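Just below is one structure, and these are the notes that go with it.
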Amino acid sequence: MRRRLLVFLCFYLPSVCLAVPDQKQAQGWLPVTQQDWAIKEVPYNPGAPAIQLYLRYYKDDNDNFISVYKRIKVLRDAGKKYADIAIEIEPGQSLKQLMARTLHPDGSIVDFQGKPFEKTIIKGRGIKYLAKTFTMPDVTVGSIVEYMYTVELPRRLVDPISEWPVQSELFTVKENLRFRPYQGLVIVPTEWGTEAPRSRVAYSYLHQSDPRVPQKKAGNLMELELENVPAFDGEALMPPEADYKPVIVFYYGGRETASPELFWQEWRRLFAEYLDKFVGDYGEIRSLAADLTRNESDSEKKLRKLYVRAQQIRNLSFERARTAEELKKEGLKHNTNVREVLEHGYGTSNDIDRLFVALARGAGFDASILHVSERSQRSFSELLLWLGQVDDEAVLVNAGGKDTVLDPGTKYCPYGLLRWKNTSATAFRLSKSGAAFVKTPAPPSPTVRRTARMSLAPDGSAKGEITMEWAGEESLERRIEALDTDEAGRRKSLEDELVAWLPHGGTAKLQSSEGWQETEKPLIARFTVEVPGFAAVTGKRILSPAYFFSPFQQGAFTPLSRRYPIVLPYPFVEQDEFTLTLPEGYSVEVAPYRRKAGLSYAGYEIASSQQGNELTVKRVLHLDRMRFETGEYQQLKDFFAIVQAGDGEHAVLQSAAAAAAQKEQ
Amino acid sequence: MLKKGISAIFLLVAIVLVSPGARAGVPDWLHAAAQQPAKHYADDVNAVVLLDDQETTIRDTGEIVTLRRIAYRILRPEGKTVAGFGLGFDAETKINYLRGWSITVKGQEYEAKDKDAFERSATTYEVYSDVKERILIVPGADVGTVVGFEYEHKGRPYIFQDQWSFQREYPIEHTRYELRLPPGWEYRADWIHHSANEPVERNGAYTWELSDIPRIETEYHRQTEDALAGSMVVTFFSEKIKNQTYKSWKDFGFWYNQLAAGTREPTAALQQKVVELAPASMSPLERIKTLARFAQRDIRYAEIQIGIGGYRPHSAGDTFSHRYGDCKDKATMLGAMLSQIGVKSYSVLVRTDRGVYTENTPPSSQFNHMIIAIQLPEASSSQPMPGVYEHPKLGRLLIFDPTNDLVPFGQMPFYEQDNYGLLITEQGGEMIHLPISKPESNRVTRTAKLTLLPDGTLKGDVEEVRTGTEAYKARSRYSHQTESDRKKALEQSLGGSMTALHLDSMDAQNVDNIEGDLVLHYQFTAEHYAKNAGPLLLVRPRVTGEKMGALDSTKPRRYAYQFDSPALETDSFEISLPEGYKVDELPDPAKTSLSFGEYNSKITNAGNVLKYTREYKITSPLIPAERIGELNRFFREINMDEKSIAVLKRAN
């Protein structure tokens, strides 16, 4: 993560609290019903290890406590693990009022009478994170374990964001969620320096799966009761789980939390002010921009020159994190404006993006910084008043009336490309004019080219050479990953990648690779490979696979239906050419079938040709989109069934003797 | 979670980034190590240990104090992790100090002191353990940087033993072990995986030195590092600690007996439970089995380890009343229950990584698990059980692991088979070679009745029956999966070798009933399974089940290859051919018989049914490095057979 925003640190001033009944006190154990005892399986999920019969979660910022009550029924041996409890205690918190017990169907109850242990999660430099752990007595399949505790929160400090645990790893029959915010004044950054500071509390409810919403009760208490909340059950290749899990969060803030529009508008103003200072309007930057773009009239060419110059700055974000002492010894200083970035010759990713903005503006372009969300973890939601959603930076520049999003701050990132996680993502534009939110462009389809020249031996083994070529996102991600290793590591990584594609038993040796330090050119690797048992040998024939690589899609489309869309990081194009030299004395009896399939967003073709003793198979597979809704699944499944069938084709080779015999017949 | 609560990882980074601020005072020994000329290593060696110097001092009180200095040079980016050093301690041991330094290629020097360190629990699986780890990270970790650490550590008061582990994941250029004993104390040095060296004695100190120790290489299916690495175990003796130390395994047994004394004492509640569970009306073997099952299934595994509690079990009564305990608690409680019905049993200490202990291993406490040996009554001799050890004096001992709740009575988990365990009796300790099951005890029997359609679609029913280790391994997966998860996993597995696969049904039987065979039934349809080629239809008779193991044939093998256990897998697949097609060619049968296993397969055609049968048998789970060529041949043969194709031809 290139940049972390401190959302806001809050502490409250002394104020009068409203009188609210002491809800911290445990309300005692709830009765266990016959219905609870009768449960043997989780609805729609037979074989689940346990079920949560009840959850009560209550956070009170006014009286500074979190109170939790959980009741779990063990349905299988694997569910006994829920009898081991760990309660995380953050600095300044303390555990109070722990009660726990095990209940059996015969009515017997075994109370937990010990004291919890204190397990150190991490401790150092005055900070201590702990877990209070204990285990419940006499737990068997069919038991109900239940416990309640209160964690006392530090005074004079509240979390800026509080989240309700709506969905847990177990199916929950009933849950009661409560939150009471602090009733006094909370100091928040957006109200600093204002004459009459105000703080308020807002909440967001995303991915609502139940019509019930939090209700405001007496004493400013927010409460929600839910029933039958299933555990989350994901699927392979689905969008980020965070896009589907219900989320209810409460935030402290200033006037800006009155609505999402105000929130983003206010933060946009604050960030824009800060960035304006950082980017500034420096004569030396303007002069450099003019020098770089002199004699160039084409807007894009101008921008490319500025882009190259910005990327020449040493990018510290792609180096090891350094301590303050290291920075001092190495003479590395924090940049406070783009002039310093240029002067120092180094900077973070954000510094480099900002320098590029300054250069572009210096050359007369309309350029602004974007705070970009990452779609790899969650999709941006405007309703979620959380700045952590837009954690990365990029640049929006207008050239000749056309908006282009660029990211010179990402090492090796070619002009016009973004890392896939920032593509098709919502970005927050930081400028005084224009829309606050923009969508970053969709990722282009990177092409993977694979060329194999192999010789087949009469025993069915094959050996030869393979060249692989990766462009666009494919090469960018590999280059970034390679920063954490050396030549030997890159070699191993490439060889492992190829071997994973080869038929079982195949080996690969990297002969050369090029393009690791390039930005625009593809990454190319050449290998020698050997595959024993590549083809099956029968008495008079050799049955050789027509295609060399195991497709990544193998096994991805086995379920009959999907609950969630399929999402790939980016669309792709695979272009393969596989030439097989036949063993002496063999000829093609049956060539592999030509297969072709097409959809409006995908295409596939595999075809072979023969010249002398060489059989050449050419294959193209392209998927032009990266998201496929559940309604499109069957179509995609059918398409890949054809791809898999085509990729699994064989060439039937026959010996000269067999061919002669066949001819005689 | 949205909330930006500081995670442990984030905190770790934060701590590292703000520390340390003190001026570097790099010691001379580290400067000297850094000035050593660089040696050449393979390009995948991440770091090298330039110096590993350990001084162990025994004080007359019996206190053991270790001073250690270790210096690394980072050779690759992946070696930067050596700049973080972790050292374990608990309530009974103490780190007197821990410091670290680094010298970068540019000559910059850094220092990290005790105050810069952080601590965390060393393990996470148990409910509680007081074992913690103090971690110190030094700055400047780049390729070429030399990092060094020095610490002083006070050892556990009741273990009068030390270990010099001089072989690990990185090569070691020079290592030294110095021992200082007070007058009247003696030592014994035992070497493991290395020839014995004599020390140099000077000023009352004994010094051993070694140079250029190669690293332990990473290889597929090799034994654990401790089963291969060189080390020296040093045991101390003195009149002052008589009966608290051990010269032999027998002594070790006495030592353990003292430690665990009284823990098998029954309580009234436990006695009552035994009467209730195993009345005298049952046969002796049934009574044993019932009690064993109670300890195995009704006592939940939960570990609470505090100081000596890592070695000494809780009392049987406590374990019984809580209904939870760790391995030694379960074994001890079962022992107490068995004694109530007049059956003798003995604790057995094991290391779950096979190969760490052998018949030659000197007495040392590297065990990580406890099981039990149950003396079987005479009447049970007719019952064949793979877990029975024939002891020359104690007779038939059933080796039983009450911690593993997926292995039935009479059998042993594969990781304990062919392993060594310390049997602890009233006569002390005795290292015994634990039994190994026969291939026939660990079976996978797969039968399939399938139909091939003219368009290449294959559909039909498969039944898989698993026993022994094979049932245990499948149960360990299934027991943590819902039915839906199991189906997904099977689809994923079959989908790897069949195109356009659809699982029509799936049913697993006896997942919880560990006494029964684990049976899996499923029905599937795979489109395009057979490939049309003109008038031909090409079909792979080996429909499912890949048996070729992972073995890197591009590099010479250094260590033995380890299978989990002996095994016998048989496949019998019948494929009804589509009407209008006849067999044109069938692959040759496969037949390989080697010292450690066999593989045979055959394809026949009867009427319109293609029948593929094969047998895969592993008789010996450990293949020595010198036989890796044979193993390679074995896997190659399997690979060829698994890919073989039958050619069907359309009748005119």
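Chains as they are written, first to last, in this note's numbering: chain E, 329 to 993; chain R, 166 to 817.
Note that the Cβ used here is the ideal one computed from N, Cα and C, for glycine as well.
Model, not experiment: these values are computed from the prediction.
{"query": "Stretch-stretch touch, CB-based, cutoff 8 Å, three pairs: the region 403–418 of chain E with the region 381–393 of chain E", "result": "no"}
{"query": "Close-in-space but distant-in-sequence residues of the same chain around residue 722(R) (CB under 6 Å, 5 per side omitted)", "result": "790, 793"}
{"query": "Beta-bridge partners of residue 560(R), as assigned by DSSP", "result": "556(R)"}
{"query": "Chain-order list of residues whose beta-carbon lies under 6 Å from that of residue 438(E) (same chain, five-residue window excluded)", "result": "430, 465, 466"}
{"query": "Simplified DSSP state of residue 414(R), which is helix, strand or coil", "result": "helix"}
{"query": "8 Å Cβ cutoff met for residue 752(E) and residue 767(E)", "result": "yes"}
{"query": "With 16 other Cβ atoms within 10 Å as the buried cut-off, status of residue 310(R)", "result": "buried"}
{"query": "Buried or exposed (CB count within 10 angstroms, at least 16 for buried), residue 544(E)", "result": "exposed"}
{"query": "Where residue 408(E) meets chain R, residues with beta-carbon distance less than 7 Å", "result": "465"}
{"query": "Test item: CB-CB of residue 549(E) and residue 583(E) under 8 Å", "result": "no"}
{"query": "Residue 722(R) at chain E interface by Cβ criterion, 8 Å", "result": "no"}
{"query": "Chain-ordered neighbours of residue 362(R) on chain E, where CB pairs are closer than 7 Å", "result": "Within chain E, no residue comes near residue 362(R); the closest Cβ sits about 34 Å away, beyond 7 Å."}
{"query": "Below-8 Å beta-carbon distance, residue 645(R) vs any chain E residue", "result": "yes"}
{"query": "Pick from 637(R), 810(R), 736(R) that is closest to residue 867(E), judged by C-alpha positions", "result": "810(R)"}
{"query": "Beta-bridge pairing of residue 631(R) - partner residues as DSSP gives them", "result": "609(R), 683(R)"}
{"query": "Interface residues of chain R facing residue 980(E) [CB-CB closer than 7 Å]", "result": "698, 701"}
{"query": "Within-8 Å CB hit, residue 186(R) to chain E", "result": "Low confidence applies here, because residue 186(R) scores a pLDDT of 44, under 50, leaving its location unreliable; read the following figure in that light. Chain E, which has a Cβ nearer than 8 Å to the Cβ of residue 186(R), makes this yes."}
{"query": "Within 8 Å, strictly: CB atoms of residue 686(R) and residue 648(R)", "result": "no"}
{"query": "C-alpha distance - residue 451(R) paired with residue 552(R), whole-angstrom precision", "result": "16 Å"}
{"query": "Amino acids of chain R, ordered along the chain, whose beta-carbon sits closer than 7 Å to that of residue 988(E)", "result": "Neighbours of residue 988(E) on chain R: none; closest Cβ ~16 Å, over 7 Å."}
{"query": "Span separating the alpha-carbon of residue 600(R) from that of residue 583(R)", "result": "6 Å"}
{"query": "For residue 815(R), three-class secondary structure by DSSP", "result": "strand"}
{"query": "Minimum Cβ-Cβ distance from residue 759(R) to chain E less than 8 Å", "result": "no"}
{"query": "Beta-carbon neighbours of residue 976(E), restricted to chain R and to distances below 8 Å", "result": "664, 693, 696"}
{"query": "Inter-residue spacing [alpha-carbon to alpha-carbon] between residue 218(R) and residue 559(R)", "result": "46 Å"}
{"query": "Segment limits, beta strand (DSSP E) that includes residue 393(E)", "result": "393–402"}
{"query": "Cβ neighbours of residue 835(E) in the same chain (closer than 6 Å, five flanking residues each side left out)", "result": "858"}
{"query": "Among 738(R), 772(R), 635(R), the one whose alpha carbon lies nearest that of residue 783(R)", "result": "635(R)"}
{"query": "Residue burial classification, residue 211(R) (beta-carbon count within 10 angstroms, cutoff 16)", "result": "buried"}
{"query": "Counterpart residues of residue 480(R) in DSSP-defined beta bridges", "result": "None; residue 480(R) has no bridge partner."}
{"query": "Opening and closing residue of the beta strand (DSSP E) in which residue 536(E) lies", "result": "Where residue 536(E) is concerned, there is no enclosing beta strand (DSSP E), given that its DSSP letter is neither H nor E."}
{"query": "Exposure label - residue 965(E); buried when at least 16 CB within 10 Å", "result": "buried"}
{"query": "Residue 859(E): first and last residue of the uninterrupted alpha helix (DSSP H) it sits in", "result": "Element bounds for residue 859(E): not the alpha helix (DSSP H) but the beta strand (DSSP E), 851–859."}
{"query": "Secondary structure, beta strand (DSSP E): runs of 3+ residues fully inside the region 787–837 of chain E", "result": "790–798"}
{"query": "Inter-stretch contact (C-beta, 8 Å, three-pair minimum) for the region 652–664 of chain E and the region 608–620 of chain E", "result": "no"}
{"query": "Cβ pair count under 8 Å reaching 3, the region 455–466 of chain R against the region 475–482 of chain R", "result": "no"}
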